[in-house]
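Chains as they are written, first to last, in our numbering: chain D, 1146 to 1342; chain H, 1146 to 1342. Even for Gly, the Cβ is constructed at its ideal location relative to N, Cα and C.
Number of protein chains: 2
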Amino acid sequence: MSEQRSDARRNRQRLVSAAAEAFATVGTEASVADIAERAGVGKGTVFRHFASKDELLGTIVGDVLDTLLRRGEDLTTAPDAAAALEAFMSETIELQAHDRAFCEVVAGTAVGDRRIRESIAALEDVVARLTARAQSQGALRPDVTGDDIVLLLSGIYQTAAPLSATRPELWRRYLALALDGLQTSAARTALPAAGAP
Amino acid sequence: MSEQRSDARRNRQRLVSAAAEAFATVGTEASVADIAERAGVGKGTVFRHFASKDELLGTIVGDVLDTLLRRGEDLTTAPDAAAALEAFMSETIELQAHDRAFCEVVAGTAVGDRRIRESIAALEDVVARLTARAQSQGALRPDVTGDDIVLLLSGIYQTAAPLSATRPELWRRYLALALDGLQTSAARTALPAAGAP
DNA sequence: CGACAAGCGGACCGTCCGGTCACGTTAGAC
DNA sequence: GTCTAACGTGACCGGACGGTCCGCTTGTCG
């Protein structure tokens, strides 16, 4: 009656946990052999459950992204749009601070899987809505776009990343700095155009 | 009388050019075999001139950094300190846009050679002086440090990097945004502390 | 020109990677 | 208990990497 044998189900769960830990700690470069060892299974077992390392990575990071997306959706209905956008940015960057693979995916360094690309597109969409709402409430300078915010999501973390080992909370400083620059009142001159679409 | 044979000198020059091109285009991951091929020499010749790939990388990027450092020194005597800092930031980021290996070094991703670490320390020093001067002229919010600016140097480029293929000038947009946030008048609240030293 | 050291090159080494496969094992239906 | 399809495994493959080494070539000096 079961779709899978019980041992297969158990090993898959172990693999997912081990891969999540390995990708978060080491990044997308974590080797399949390392993941298999953490899970206490043979390397061949990894490929029995996932067609490729990319698919495994897509499963892990896709789950993280989907959780984040749901959070973003919730925030689109918050009364204070500026606070909602700020909260979403803060939470997304904190996620990067704790997960190297997620960090690489948000930065566009690791693409791979289709699922990831679709989730990133959905992320761009929800950020665009959060951005538009903050602007309609006059709390965000009107010359930035949702795409700008998405890029800042990885950029802000990357700024603090070189010192992440010794100052893991440093990104908060650069998020605050960026938010100051994003204030309606901060706009001094027109921002250079984004260029080609 | 010559320290080296003429062919050795010629090959070294070719290697330096080829390596500069390869590192700029491909990044620090450029393979020794690739560099040797671009230079039209055998792989063994690379290691005759440079003890390791790291030493070669240090030579190439070190030269780029030294040129940048001299430019920074010159700017410390410019009358308009804010414009000088802005020019230095702009030029440093533009360098990153044209040189992937330099980009990685500034981001702290690729350390390696001692020469590089020394040059980075010198960079931090000159940026600290540019920063202090801009602050003393009241053109830069007083709660940022030279270290912040150094981190922003790579962070701003990294923000635009995901789209560098299609919009190579996009970094100018985020530099402008960051400069808006760095204005004395942009400071809304105190920046979160940097954390441990 | 002759001789010799300096220089060159590419086969080779050890290591790591993602991915495959033939085989032994086992869960679970009957 | 028996049978079998599903499962687990680790040796193995092909390819990439940085780095080494030794036999051949070539610049240079007397």
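Residues near residue i by beta carbon distance below 7 Å, same chain, minus five either side
i, result
"alanine 1273 of chain D", "Gly1291"
"aspartate 1199 of chain D", "Gly1257 and Asp1258"
"tyrosine 1319 of chain D", "Ile1301, Thr1304 and Ala1305"
"arginine 1183 of chain D", "Ala1163, Glu1166 and Ala1167"
"serine 1264 of chain D", "Gly1207, Leu1210, Asp1211 and Leu1214"
"leucine 1327 of chain H", "Leu1285, Arg1286 and Val1289"
Contact with chain H by residue i, beta-carbon distance below 8 Å
i, result
"leucine 1285 of chain D", "no"
"glutamate 1314 of chain D", "yes"
"aspartate 1325 of chain D", "yes"
"glycine 1340 of chain D", "yes"
"glycine 1172 of chain D", "no"
"leucine 1322 of chain D", "yes"
"threonine 1304 of chain D", "yes"
"leucine 1268 of chain D", "no"
"glutamine 1135 of chain D", "Nothing in the structure corresponds to residue 1135 of chain D, since chain D is present only between 1146 and 1342."
Contact under 8 Å by Cβ, residue i with residue j
i, j, result
"leucine 1160 of chain D", "isoleucine 1180 of chain D", "yes"
"leucine 1322 of chain H", "leucine 1322 of chain D", "no"
"arginine 1150 of chain H", "histidine 1194 of chain H", "no"
"valine 1177 of chain H", "valine 1191 of chain H", "yes"
"aspartate 1293 of chain H", "alanine 1331 of chain D", "no"
"leucine 1122 of chain D", "alanine 1339 of chain H", "Only positions 1146 to 1342 of chain D appear in the structure, and residue 1122 of chain D is not among them; the question remains open."
"arginine 1203 of chain H", "isoleucine 1261 of chain H", "The question names arginine, but residue 1203 of chain H is glycine in the sequence shown. Cβ atoms of glycine 1203 of chain H and isoleucine 1261 of chain H: closer than 8 Å."
"glycine 1172 of chain H", "glutamate 1249 of chain H", "yes"
Spatial neighbours of residue i in its chain, beta-carbon cut-off 8 Å, leaving aside the 5 residues before and after
i, result
"alanine 1169 of chain D", "His1243, Asp1244, Arg1245, Ala1246 and Phe1247"
"threonine 1221 of chain H", "Ala1229, Val1271, Arg1274, Leu1275 and Arg1278"
"proline 1313 of chain H", "Ala1242"
CB contact check: residue i to chain D, cutoff 8 Å
i, result
"aspartate 1199 of chain H", "no"
"leucine 1296 of chain H", "yes"
"glutamine 1282 of chain H", "no"
"glycine 1300 of chain H", "yes"
"glutamine 1149 of chain H", "no"
"arginine 1318 of chain H", "yes"
"threonine 1213 of chain H", "Per the sequence shown, the amino acid found at residue 1213 of chain H is leucine instead of threonine. Answer no: the Cβ-Cβ gap between leucine 1213 of chain H and chain D never drops below 8 Å."
Status (buried if at least 16 other CB within 10 Å, exposed otherwise) for residue i
i, result
"glutamate 1148 of chain D", "exposed"
"glutamate 1269 of chain H", "exposed"
"aspartate 1174 of chain H", "One detail in the question is off: residue 1174 of chain H reads as glutamate in this sequence, not aspartate. Burial call: exposed."
"alanine 1164 of chain H", "buried"
"aspartate 1225 of chain D", "exposed"
"methionine 1146 of chain D", "With a pLDDT of only 48 at methionine 1146 of chain D, under 50, the local geometry of the prediction cannot be trusted, and no value is derived from it."
"threonine 1212 of chain D", "exposed"
"threonine 1237 of chain D", "buried"
Residue i beta carbon near the ligand COA (any heavy atom closer than 7 Å)
i, result
"leucine 1213 of chain H", "The ligand COA is not part of the structure shown, which contains no ligands of any sort."
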